[in-house]
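Visitor:
This is the structure we're talking about:
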């Protein structure tokens with residue numbers, strides 16, 4: 175999935191997407207050859223992926239030849255906020271189990287609200303409130319065991 | 023008469039207190055989600071799926087909750103169209119054309135009341151249609167073999183261009199991408215691992231729910247960050263909804279026409295609610311010609327698209343329930359829910375689980391009445407919620423989705439996967455490549471391949487089995503006709519835009 179991000183930097187998004195998709199289709203076709211067809215199977219595991227990768231490749235080439243209109247990509251500030259949200263959520267996923275649910279969620283809610291334009295005075299109380307509400311919703315109302323803070327039973 | 027007996031049984035299921043309560047909760051949440059700009063029915067239902075799982079709901083109960091949300095979203099979408107001139111979801115786009123001018127002229131309450139009645143009529147017409155036509159379709163579909171099913175999937179993907187207003191090439195690219203993503207994992211027939219690259223987390227394939235919450239909800243969150251922040255929502259006097267209800271009698275023929283047109287476009291695979299509201303509006307405008315004041319606050323311009331999109335929403339449930347082929351983005355998500363609960367919609371569902379099917383249909387009737395009742399007095403409340411600050415709403419929605427997905431499998435891997443799909447969804451949407459066909463491909467790919475292989479093993483490897491029966495040839499011809507109709511429609515739209 176990482177190669178899609180590269181398309182964000184230019185206005186020729188369609189062409190780049192076309193190239194990425196064409197490479198993807200060719201790769202899928204090529205890789206499908208390694209799928210071993212079992213005994214007595216008229217249609218093996220590689221046929222359907224190849225059936226799909228042909229139109230995908232052709233359409234991708236068409237997109238390279240005849241791209242659509244240019245697109246408006248986000249400015250630097252918006253891009254920073256988007257990357258910030260992705261990093262925050264990625265970090266949240268990474269630390270959720272080692273920190274425990276409550277600390278990681280409280281950090282996530284407050285910072286996320288900041289990224290969405292709240293001031294500290296708004297983000298701190300409401301972030302804490304939202305974090306606690308999520309904890310109450312999932313831990314008690316839904317009865318789902320959430321990761322505990324290490325050494326504690328909350 | 024057989025249908026009436028089934029329906030009576032369905033009402034017995036739907037009127038159980040638990041189901042009634044869920045329908046009420048679903049309708050309320052749905053209206054709220056539909057009303058929030060940007061959070062359309064697709065996102066809303068996608069967000070609630072993990073919650074529905076976590077509540078440990080039985081399949082019937084979960085389905086009742088989510089279709090109530092679905093119908094509720096269709097009602098709610100109109101509120102922000104009328105009050106803020108921002109469509110709450112794509113099908114509500116046409117409602118802005120006359121709804122907002124009405125609100126500016128101080129007739130917002132009237133527009134909201136009228137559109138609530140139009141939505142109610144549209145949805146009820148569609149639910150009656152569902153009751154009558156789904157069993158008929160099931161009778162035909164029960165004779166389908168694997169080759170016919172394969173043809174049906176081809177039909178679904180051929181008409182996919184209608185789901186979205188974007189370009190044909192891009193819709194098909196999206197569908198192929200989805201189909202390809204659908205092959206990731208262990209192949210159930212030969213046990214060969216496909217495109218897993220040694221990651222055991224991928225052996226079960228890509229989880230639909232994770233993928234679609236990423237594609238819709240996370241990408242929405244990313245898109246939101248780059249939109250104008252300072253779209254201040256000026257407080258507007260809404261006024262009473264009562265004159266709108268009276269007005270709806272005068273608009274009855276408009277509502278009737280809109281409902282029928284919407285229903286038909288909803289039933290067509292791949293067409294969906296946006297087409298329903300668009301066609302209803304355009305045809306109504308043409309019907310009145312110079313006598314109407316469309317675009318300047320004509321009440322009929324609110325009634326027609328609202329009847330149309332709600333009727334289409336109901337109509338789209340027909341192919342989803344009776345064939346297992348969704349007619350719209352939201353029904354695709356409902357299908358994902360069913361598949362994750364190991365329920366395969368299709369003709370057999372009607373035979374094996376009549377409780378669920380008819381309970382659902384009855385719940386739709388009940389939900390409709392609830393929505394009408396909720397929407398008349400609470401319109402002011404819903405309009406007020408729209409003014410809650412986005413710095414609170416968006417993080418809340420994002421984190422509910424996040425924790426919900428985590429709690430499905432207690433797996434951080436799912437979260438990374440969801441973020442990856444979020445980035446993919448964001449890039450696709452920036453490129454005007456629709457995300458709904460990706461989900462449809464991901465969802466239907468497995469069944470499509472399975473039917474292809476079954477047909478081929480029946481014929482012993484002879485490909486001509488795919489077009490050897492009258493039914494499958496008929497389906498292919500229908501697919502070609504719809505494809506051409508879609509192309510003409512796309513050309514007309516392009517001309518209109520230029």
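Protein chains in written order, with the numbering used here: chain A, 175 to 328; chain B, 23 to 520.
Built from N, CA and C at the ideal position, the CB exists for glycine as well.
Quantities reported herein were computed from a predicted structural model and do not represent experimental measurements.
(1) Give the secondary structure of residue 207/B by DSSP, where H, G and I count as helix, E and B as strand, and everything else as coil.
(2) Nearest-angstrom Cα distance between residue 46/B and residue 77/B?
(3) At least one CB of chain D closer than 8 Å to the CB of residue 492/B: is that the case?
(4) How about residue 233/B and residue 464/B: are their beta carbons less than 8 Å apart?
(5) Going along chain B in order, which residues have a C-beta closer than 8 Å to the C-beta of residue 327/A?
(6) Where do the ends of the alpha helix (DSSP H) carrying residue 31/B lie?
(7) Enumerate in chain order the residues of its own chain whose CB-to-CB distance from residue 307/B is below 6 Å, with the five nearest sequence positions on each side excluded.
(8) With distances taken from CA atoms, which of 28/B, 269/B, 242/B and 115/B is nearest residue 135/B?
(9) Is residue 175/A close to chain B, meaning its C-beta is less than 8 Å from at least one C-beta of that chain?
(10) Find the nearest neighbour of residue 210/A within the set 209/B, 51/B and 53/B, judged by alpha-carbon distance.
(11) Answer yes if the segment 239–247 of chain B comes into contact with the segment 446–453 of chain B, meaning at least three C-beta pairs across the two stretches below 8 Å, and no otherwise.
(12) Could you give the DSSP three-state label for residue 354/B: helix, strand or coil?
(13) Note down the Cα distance separating residue 243/A from residue 236/A, rounded to an integer number of angstroms.
(14) Please determine, among 266/A, 271/A, 272/A and 273/A, the residue with the shortest C-alpha to C-alpha distance to residue 284/A.
(15) Could you tell me which of 459/B, 375/B and 424/B sits nearest to residue 31/B, measuring between CA atoms?
(16) Check whether the Cβ of residue 227/A lies closer than 8 Å to any Cβ atom in chain B.
(17) Where does residue 113/B land, buried or exposed, given buried means 16+ other C-beta within 10 angstroms?
(18) Here's a check: name, in chain order, each residue in its chain whose Cβ is nearer than 8 Å to the Cβ of residue 175/A, leaving out the five neighbours to either side.
(19) Does the segment 197–204 of chain B come within contact of the segment 456–463 of chain B, defined as at least 3 CB pairs closer than 8 Å?
(20) Taking only three categories from DSSP, how would you classify residue 215/B?
(21) With a 10 Å radius around its C-beta and 16 neighbouring C-beta atoms as the bar for buried, classify residue 24/B as buried or exposed.
(22) Decide if residue 256/A is buried, meaning its Cβ has at least 16 other Cβ atoms within 10 Å, or exposed.
(23) I want to verify the contact list: residues of chain A whose CB lies under 7 Å from the CB of residue 482/B, in sequence order.
(24) Roughly how far, in whole angstroms, is the beta-carbon of residue 12/B from the beta-carbon of residue 281/B, given that I think they are within contact range, below 8 Å?
(25) Kindly list the residues whose CB is nearer than 6 Å to the CB of residue 352/B, restricted to its own chain and excluding five residues on each side of it in sequence; keep chain order.
(26) Select from the segment 57–84 of chain B all residues with a C-beta closer than 7 Å to any C-beta belonging to chain A, and list them in chain order.
(27) By DSSP, does residue 366/B sit in helix, in strand, or in coil?
(28) Whole angstroms is fine: what's the gap from residue 365/B's alpha carbon to residue 312/B's?
(29) For residue 322/A, does the count of other Cβ atoms within 10 angstroms reach 16, so buried, or fall short, so exposed?
(30) Can you check the segment 467–502 of chain B for any alpha helix (DSSP H) of at least 4 residues that lies completely inside it and give the ranges in chain order?
(31) Where does residue 294/A land, buried or exposed, given buried means 16+ other C-beta within 10 angstroms?
(32) Within 8 Å (strictly less), CB to CB, does residue 252/A reach chain B?
(33) Among 240/A, 198/A, 227/A and 207/A, which residue has its Cα nearest to the Cα of residue 190/B?
(34) Skipping 5 residues on each side, what residues in its chain have a beta carbon closer than 6 Å to that of residue 457/B?
(35) Can you confirm whether the segment 148–168 of chain B touches the segment 382–398 of chain B when touching is taken to mean that 3 or more C-beta pairs between the two stretches lie within less than 8 Å?
Guide: The answer reads as follows:
(1) strand
(2) 16 Å
(3) The structure shown has no chain D; the protein chains it does contain are A and B.
(4) yes
(5) Near residue 327/A there are no residues of chain B at all, since even the closest Cβ is about 17 Å away, more than 8 Å.
(6) 24–36
(7) 316
(8) 269/B
(9) The pLDDT assigned to residue 175/A is 37, lower than 50, so where the model puts this residue is not dependable; a value taken from the coordinates is nonetheless given after this. Output row for residue 175/A: interface = yes.
(10) 209/B
(11) yes
(12) helix
(13) 14 Å
(14) 266/A
(15) 375/B
(16) yes
(17) buried
(18) A caution first: residue 175/A carries a pLDDT of 37, below 50, which makes its placement in the model unreliable, though a value can still be read off. Excluding positions up to five away in sequence, the list is empty.
(19) yes
(20) strand
(21) exposed
(22) buried
(23) 216
(24) Summary: the structure shown does not reach residue 12/B, with chain B confined to residues 23 through 520, and so no result is reported for it.
(25) 63, 64, 67 and 92
(26) 76 and 77
(27) coil
(28) 51 Å
(29) exposed
(30) none
(31) exposed
(32) yes
(33) 240/A
(34) 237, 447 and 450
(35) yes
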